[in-house]
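Visitor:
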Amino acid sequence: MLKKGIYYSIITAIISGISVFINGFASKSFADPFLFTTMKNAIVAVFLSSILIGLFSMKKLTKLRWQDWLILIVIGLVGGSIPFLLFFKGLSMSTTSIAAFLQKTLFIWSTILAFFWLKEKITWHHLVGFAALLLGIGLMSPWKEVRFGTGEILVLIATLLWAIEAVLVRKISQKPDYLLSTIYYLLPWGRMFFGSVFMVIYIGAMGGVREIGGIRAENAWWLVLTSVFLLGYITTWYASLKHAPIVVATSILAIAFPITVILNSIFVTQQISGNILLGLIIAVIAVLFLLRPIRLIGQI
């Protein structure tokens, strides 16, 4: 089970790293990045709904209790809607690279929450690995000035909400007799479906719905491409949370950032600095160090 979780986490990190790189180009085709994200999430929600129908899982939805629906709605709120709004608003207000760095600290907040909520252990081994991982990510970040303002606070809150989502999904997935964990793709569907509903409501309230009609054909291709990556990300991410502890899944996911930086260095700036190479090496070593106790007991 743990080995499967590690493999899913690695796949998620690769998908995420490539996806962020591609989204950097795709988002430039849209005047409103939040509208772009909403439409992309809505497309994935449609994909997942189709998958559930194809697996005949939609019939099982009638067996869900109101508490189950409430959990799906909460996941949609804390994972698929509110943090996106806060994240993009924070980025628009931030003039430093601290905002981007803060979003990469998901593994820290998730592990802290898992320690209190799921009783997962935190050892000196984790602390050393986390410090090294932060150092590696920090070296790869394009620091310009160090400032912590409203924009950075919003990004941090968004990151904390995604951490809550990860721990909640992990907790639910560990109950084998729980209907929410037995219906495959149901949790990702709840995240994307209800998240999209809330985001569409927000866009409608802000008067952004009419902008959808102005989308050109080339923009539609960007939407489809990024939606496919998002579909792969959310399904493998939730699968990794089902099979691996929070500290393992989120630490491996942090490798997505170096992947994005390397792709950007190769295809955009066409140069790789010493800091980027050093940060990459340290980040990879940090993740391997965090996985070492698992290797020693023969679980991978």
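If you count the sequence shown from 1, you need to add 1093 to reach this note's numbering.
We treat Cβ as the ideally placed atom computed from N, Cα and C, and that holds for glycine.
#1: Would you check if there are 3 or more beta carbon pairs closer than 8 Å linking the stretch 1277 to 1287 to the stretch 1145 to 1159?
#2: Is it the case that the stretch 1340 to 1348 contacts the stretch 1095 to 1107, given that we only count it when at least three CB pairs across the two stretches are under 8 Å?
#3: The alpha helix (DSSP H) with A1192 in it runs from where to where?
#4: Going by CA-CA distance only, name the one from K1197, S1289 and W1159 that's closest to L1178.
#5: Just curious, the alpha helix (DSSP H) that Y1271 is in, first and last residue?
#6: What ranges does the alpha helix (DSSP H) occupy inside the stretch 1126 to 1185, keeping only unbroken runs of at least 4 residues that lie completely in it?
#7: Three or more C-beta pairs under 8 Å: does that hold for the stretch 1170 to 1177 against the stretch 1358 to 1372?
#8: Taking three-plus beta-carbon pairs below 8 Å as touching, is the stretch 1193 to 1213 in contact with the stretch 1313 to 1327?
#9: Can you give me the C-alpha to C-alpha distance between K1268 and L1195, rounded to a whole angstrom?
#10: Please report how far the alpha carbon of T1131 lies from the alpha carbon of F1286, in whole angstroms.
#11: Going along the chain, which residues of its own chain have a beta-carbon closer than 6 Å to the beta-carbon of I1257, five neighbours each way excluded?
#12: Do you know whose CA, among L1228, E1213 and W1162, lies nearest K1264's CA?
#13: Just the C-alpha distance for L1389 and W1159, rounded to the nearest angstrom, thanks.
#14: Candidates S1274, F1181, V1262 and L1184: which alpha carbon is nearest I1339's?
#15: Put Y1400 into one of helix, strand or coil per three-state DSSP.
#16: Excluding sequence positions up to five away, which residues of its chain have a Cβ less than 6 Å from the Cβ of G1110?
#17: Figure out for me which residue from K1121, K1197 and V1221 has the closest Cα to the Cα of R1385.
#18: Determine whether the beta carbon atoms of A1259 and T1343 lie at a separation below 8 Å.
#19: Taking only the alpha-carbon atoms, compute the straight-line gap between F1241 and G1147 and give it to the nearest angstrom.
#20: Nearest to E1311 by CA position, among L1272, L1095 and S1122, is which residue?
#21: Let me know the secondary structure DSSP gives E1231 once reduced to three states.
#22: So, is S1253 buried or exposed, given that buried needs 16 or more other C-beta atoms within 10 angstroms?
#23: Under 6 Å Cβ to Cβ from I1327, same chain only, skipping five residues before and after it: list those, please.
#24: Using a threshold of 8 Å, state whether the C-beta atoms of L1334 and I1355 are closer than that.
Guide: Considering the structure as presented:
#1: yes
#2: yes
#3: I1191 to Q1196
#4: S1289
#5: Premise fails: Y1271 is in no alpha helix (DSSP H) and is neither H nor E.
#6: 1126 to 1147 and 1159 to 1173
#7: no
#8: no
#9: 31 Å
#10: 11 Å
#11: V1171
#12: E1213
#13: The predicted position of L1389 is uncertain, since its pLDDT is 45 and thus under 50; no value can be drawn from it.
#14: V1262
#15: The question about residue 1400 has no answer here: the residues shown for the chain are numbered 1094 through 1393.
#16: A1349, I1352 and T1353
#17: V1221
#18: yes
#19: 48 Å
#20: S1122
#21: According to the sequence shown, residue 1231 is Gly rather than Glu. Three-state DSSP puts G1231 in a helix.
#22: For the record, residue 1253 in the displayed sequence is Leu; it is not Ser. That one is buried.
#23: P1281
#24: no
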